[in-house]
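Colleague: Handing you this structure, nothing more for now.
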Amino acid sequence: MKKISVRIFSLTLLLCILCPTCLCLTSCSGRGGGEGEYTYHTYSSALGTNWNPHTWEVNADSAILGYVSSPLVDVSIKNSTDGVYTWVFEMAESVTDVTEQNKGDLEKYKVTLPEGKALSDITEGYVFEIKLRRSAAWENGEEINADDYIYSMKQLLNPKMKNYRANLFYSEESALAGASDYYFGKTDDFGAVGLYKVDDYTIRYVTQSYIDYNYFLNSCTSPWLVYEDLYEAGKREVGGLTVTNYGTSAETTMSCGPYRLSSIQPAKQAVFEQNPEWYGYEEEDGRLVSYTDFEVDGERVRQYQTTKIIIDVLDEQSAKNAFLRGELSEWTPSADELSTYSSSDRLYKNSETYTMSLFFNTNVNTLKKLDAQSNKNSIVLSSKSFRKALSLCIDRSKYVSATGAFIPEYALLNGLYFYDIYNDPTSSYRASNAAMTEICKLYGVKYGEGETHKTLADAYSSITGYDPSSARALMKQACDELAASGLYRRGEDILIRVGWAKGALSADDNRQISLLNEFLAAAAQGSGFGQITLEAVGNIENRYAAVPAGEYAIGYGAWGGAAFYPFRSLQVYMDPDQYSINEAGCYDPKTDKLTLDVNGERVTKTWQEWSGSLTGSGMYSSADADTRLSILAQLEGAFLETYYRIPLCSSTTCVMLSYQCDNYTEKYNVMYGFGGIRLLRYNYDDKDWASYIKRQGNTLSYE
Amino acid sequence: MIKYILKRLILMLFTLFVVITLCFMLIRALPSSPPEGSSLAQSQMILERWEALGYNKPLLVQFGIYLKNIFTRFDFGTSWKISKTQPALELLVGRLTPTVLVNLYALLLSIPVGIALGILAAIKKNKWQDHLISTLVMFFVSVPSYIYAFLVQYFLFFKLGWFPQTIYSLSDAGGWFTGKMLYSMALPVLALSFGQIAGLCRFTRAELTEALTSDYMLLARAKGLTRAHATTRHALKNAMVPILPMIISSFIGILGGSLVIESIFSIPGVGQLYVQSVQQRDYDVFMLNSIFYTLTGLLAGIVVDISYGFIDPRIKMGER
């Protein structure tokens, strides 16, 4: 018997030792590259699945598309110290406004003229001639010419395909003339769409509405070129829809960018290598190298030094482990981790254009209905005094301390927006007198002789949005008003469910909501209100739609827009023809009117008309920058005065970069970021990096 | 026996139909709207796509079309979210291999080790070996596998650097069936194995302990067999009757996958696919996954029941 047990025990032990040993023996790990190779190894929680330029949907798709495509025009650094950008002509050799010389196109393509203007007044902003780069080629060596662009646009607007990105070209700022009719099937003649070939390397683009040259260049940064053979080969009919599998695998992708997709394994990994057919590369000692054809800080510098890019699918913890062992080039610390790395010189931090805010449904009937269900006395939100008190009772500095990745905000548009960046790179919207004045008015901060703050700038910089004494007074006023109108009985508790998040509530979310409750409790003391409780709700399919639909009285979410074109950003609050308005339960921007001062004249329009007046063919779309700035600032101020939405904070992106590489600049600029993959510089090639990691004992410290 | 199997198969098909019908109705009952932040133009386009794809037709009509496509064209639909425009069947098949491999390796490691330790514990009942094994079994059974996952990742990858923390991609490993891939699967295999080993060990110990104290063991010894012979020829054989079906069902269960383990070790398997399909309302992928899991579960039940008859001839299936 003893013999058997010894045998069994030995066998078990043997198995336990042998299995891992065999596994080790069969292995030969090492994903590292060699000398002169520079691998940028990044990660994502999910890999893109659809990088077709006509249908991509999420950031993960766009990341892949960015590597395998070249836009007509791009943006890069001219002067990193002063934050000056430059347009970089990529697939286009030049873009010229030829409206004056092609006025016939305006009539032919039935463009929309600005309010009050005749065809004879138009000299610019409609017809743009794009000279294509003659050396541009697909990764298989085939040249790219005007026909490719015409074919691509035709497919993008194909009414049978209903492509997700088609709206960029039929309804946005740079909408093609006639594109809307073609997309919606009102005509099946693509000749009625304002994109035509002049010769093999020249196309003309006719816009539906007036567009500034620089904004047009900006729209040229979105790629729409597809490779016809693969696009057609991948087509099939599903239901009543024509779809293509173009841009869903390495085999169905044709690159025209600096990198080509060498392999992709769904939900696992994507690998990109240099595309030898990209026009920017030249061979140097058997390697592909490229230098900018524009000056960066006064000299032509190496671009696209990265020879290989790997995107792995990793969860947060695995990414951290891999980064600390030198296996990843970048890592995004979670809010909890940020405090550990906040002083690291490898941390690149930048704000985002989105402002997180609380938005309301103030409709009395809706609130009563909600009170009969899950809320208690949410009717108080119908009182502007209550909403204003809510805004003023929030200590935003303390609120953002609940998480590590937010900064306080007091307005809809944060400090990243520029009202005239193309002519004046320092034209910060938030720092303009017009915008600062409106926010000072909103929070009741005065300046000038006899005031605490002598100048507007001083007054503006003192704003914290936190005014507990005013908040308490407003709470009391709100309680009195509501009690008098019979909507609220003094002393009753208030419970309001807040449509907080699309996903499950995180610890950060819970901390934030408990801080809000703390602020409210302090403000409501002695006001006559009972206990006020906000209850965050997660896992909401679309909280932005849920509030105006009357499912929640309060929502929490963020809006933002193009930082270099703020004039369109307010449409999300005011133009129901463009967006589902979150505040639709509060007011009707189509009928409610507002009077603003335009160059000394009092002008009255509906909210929707005001937001539309600054864009497209709107009355003030081609007005001078100061006029548009003034209107925008007044409009923002007036909207904030309604307290249908209370801005709280904006998020920041914090990314750690490994010692292997550096961003070109540490000063973030909204136009070019930190320089991007184009100007990324390496301190070690892959071989030296592997040696460096080994010398550090295979664990790197970034604290 | 054939009559019993046929009866079970018919019942299985009926159950499958009920489950499919319920899943089809329930997933479509979940609210689904265009992505947050879409402009009206984009929302409109998405709604038009849904219309074109027939998502606005009555549910029963949609279900009829779905069943018709399966039976006439073997078309289980298309993924519109997780892997845009890819046929759902192709997507599922592509995700099966890594799931099966990791689970199979884990099972191949768990079965001999688990049974061996169980036998040892039974033979050494109430001795220190038994106490040690039982204590470890209690520990490993109680702790969920994702805890082991983090532990093995921390020690064997982060601290010691012996293994990669996630499995290699196909391009890194050169294929699913290479030594490099096997090596990279070491950590998930270990994480999955601990619990399985403990489970098998406990079960084996319990069955064998009972068998060792049976009358026929006394008889065997009385006939002059050594304890070793009696144990291997009689006790072990009888103890295996309930253990073998358990192993068979485990083999079928390897198709299932584990969401948590797949996420932690970045395994592009079916476990993740299933959850994603619910989260993203990828209807056809969800339906195919549901059919697959239901069918697997039902088949496992039938195979296990039938296997009793083969393993122990005294058990007659379908007879009163």
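Sequences listed follow chains A and B, in order.
As numbered in our numbering, the first sequence has no gaps in its residue numbers, which increase by one up to the final residue, 703.
As numbered in our numbering, the second sequence has no gaps in its residue numbers, which increase by one up to the final residue, 1320.
The beta carbon of each residue, even a glycine, is placed where N, CA and C say it ideally should be.
When you compare the CB of residue 447/A with every CB in chain B, is at least one pair closer than 9 Å?
Modeller: False, the Cβ-Cβ gap to chain B never drops below 9 Å.
Colleague: Going by Cα to Cα distance, which pick from 555/A, 406/A and 145/A is closest to residue 704/A?
Modeller: In the structure as shown, chain A starts at 1 and stops at 703, and residue 704/A therefore has no counterpart that could be examined.
Colleague: Among 76/A, 699/A, 619/A and 556/A, which has the Cα closest to the Cα of residue 295/A?
Modeller: Closest option to residue 295/A, Cα to Cα, is 76/A.
Colleague: Rounded to whole angstroms, what is the Cα-Cα separation between residue 1221/B and residue 1227/B?
Modeller: C-alpha separation (whole angstroms): 7 Å.
Colleague: Closest by CA to residue 704/A, which one among 273/A, 633/A and 445/A?
Modeller: Since the displayed chain A opens at 1 and closes at 703, residue 704/A lies outside it and no answer follows.
Colleague: Going by DSSP in three states, residue 191/A sits in which element: helix, strand or coil?
Modeller: Helix at residue 191/A.
Colleague: For the segment 47-59 of chain A against the segment 246-259 of chain A, do three or more pairs of beta-carbon atoms, one drawn from each stretch, fall closer than 8 Å, so that the two count as touching?
Modeller: Flag = yes, the segment 47-59 of chain A and the segment 246-259 of chain A touch.
Colleague: Taking only the alpha-carbon atoms, compute the straight-line gap between residue 121/A and residue 106/A and give it to the nearest angstrom.
Modeller: Their Cα atoms are separated by approximately 12 Å.
Colleague: With DSSP run on the structure shown, which of helix, strand or coil describes residue 1120/B?
Modeller: Helix, per DSSP.
Colleague: Using a 10 Å radius around the Cβ and a threshold of 16 neighbouring Cβ atoms, would you call residue 186/A buried or exposed?
Modeller: Per the 10 Å Cβ criterion, exposed.
Colleague: Taking all protein chains shown into account, decide if residue 489/A is buried (16 or more other Cβ within 10 angstroms of its Cβ) or exposed.
Modeller: Burial call: exposed.
Colleague: To the nearest angstrom, how far is it from the Cα of residue 1247/B to the Cα of residue 552/A?
Modeller: Those two C-alpha atoms are separated by around 51 Å.
Colleague: For the structure I just gave you, are there three or more beta carbon pairs, one from the segment 690-697 of chain A and one from the segment 1283-1291 of chain B, closer than 8 Å?
Modeller: With the cut-off at 8 Å, the segment 690-697 of chain A and the segment 1283-1291 of chain B do not touch.
Colleague: Taking Cβ positions only, does residue 1041/B come closer than 9 Å to chain A?
Modeller: Residue 1041/B counts as touching chain A.
Colleague: Output the residue ranges of the alpha helix (DSSP H) runs that lie fully inside the segment 395-433 of chain A and measure 4 residues or longer, sorted by chain position.
Modeller: The qualifying runs are 396-400.
Colleague: For residue 131/A, name the three-state secondary structure that DSSP assigns.
Modeller: DSSP places residue 131/A in strand when its eight states are reduced to three.
Colleague: Taking the Cβ atom as the reference point for each residue, do residue 963/B and residue 313/A lie within a distance shorter than 9 Å?
Modeller: Outside the shown range of chain B (1001 to 1320) lies residue 963/B, about which nothing can therefore be said.
Colleague: Quick one, which residues of the segment 1142-1154 of chain B are near chain A if we go by CB-CB under 9 Å, in chain order?
Modeller: Those would be 1150, 1153 and 1154, in chain order.
Colleague: Name, please, each residue of chain B whose Cβ falls closer than 9 Å to the Cβ of residue 162/A.
Modeller: 1045, 1046, 1048, 1049 and 1052, listed in chain order.
Colleague: Measuring straight from C-alpha to C-alpha, what distance separates residue 205/A and residue 226/A?
Modeller: Taking the straight line from one Cα to the other gives about 18 Å.
Colleague: Give the residues of chain B in contact with residue 259/A, contact being defined as C-beta atoms less than 8 Å apart.
Modeller: Correct list: empty, because the minimum Cβ distance to chain B is about 15 Å.
Colleague: For residue 284/A, list the residues DSSP reports as bridge partners.
Modeller: 287/A, per the DSSP bridge assignment.
Colleague: Along chain A, which residues have their Cβ under 7 Å away from the Cβ of residue 1031/B?
Modeller: Residues of chain A passing the Cβ test: 541.
Colleague: For residue 535/A, which residues does DSSP report across the bridge?
Modeller: Looking at the DSSP assignment, residue 535/A forms a beta bridge with 497/A.
Colleague: Is the segment 1189-1196 of chain B in contact with the segment 284-298 of chain A, if contact means three or more CB pairs nearer than 8 Å?
Modeller: No contact exists between the segment 1189-1196 of chain B and the segment 284-298 of chain A.
Colleague: So, does the CB of residue 1203/B fall closer than 9 Å to a CB anywhere in chain A?
Modeller: Output row for residue 1203/B: interface = no.
Colleague: Would you mind telling me which residues of chain B sit closer than 7 Å to residue 50/A, beta carbon to beta carbon, in chain order?
Modeller: Those are 1084, listed as they occur along chain B.
Colleague: Tell me, please, whether the CB atom of residue 1028/B is closer than 9 Å to any CB atom in chain A?
Modeller: Not one chain A Cβ lies under 9 Å of residue 1028/B.
Colleague: Residues of chain B with CB under 7 Å from residue 240/A, in chain order?
Modeller: The answer, in chain order, is 1052.
Colleague: Leaving out the 5 sequence neighbours to the left and right, which residues in its chain are closer than 7 Å to residue 460/A when beta-carbon positions are compared?
Modeller: The residues are 436, 439 and 440.
Colleague: Alpha carbon to alpha carbon, what distance is there between residue 251/A and residue 697/A?
Modeller: Rounded to the nearest angstrom, the two C-alpha atoms are 40 Å apart.
Colleague: If the cut is a Cβ gap below 8 Å, which residues of chain B does residue 53/A touch?
Modeller: Result: empty, since nearest Cβ-Cβ is about 13 Å, beyond 8 Å.
Colleague: So residue 1078/B contacts chain A; which residues on that side make the cut at Cβ distance below 7 Å?
Modeller: Those are 238, listed as they occur along chain A.
Colleague: So with Cβ pairs under 9 Å, would you call residue 278/A a contact of chain B?
Modeller: No, no contact with chain B.
Colleague: Buried or exposed: residue 1207/B, going by 16 or more other Cβ atoms within 10 Å of its Cβ?
Modeller: By the neighbour-count rule (16 or more Cβ atoms within 10 Å), residue 1207/B is buried.
Colleague: From which residue to which residue does the beta strand (DSSP E) around residue 148/A run?
Modeller: Where residue 148/A is concerned, there is no enclosing beta strand (DSSP E), although the alpha helix (DSSP H) it sits in stretches over 146-156.
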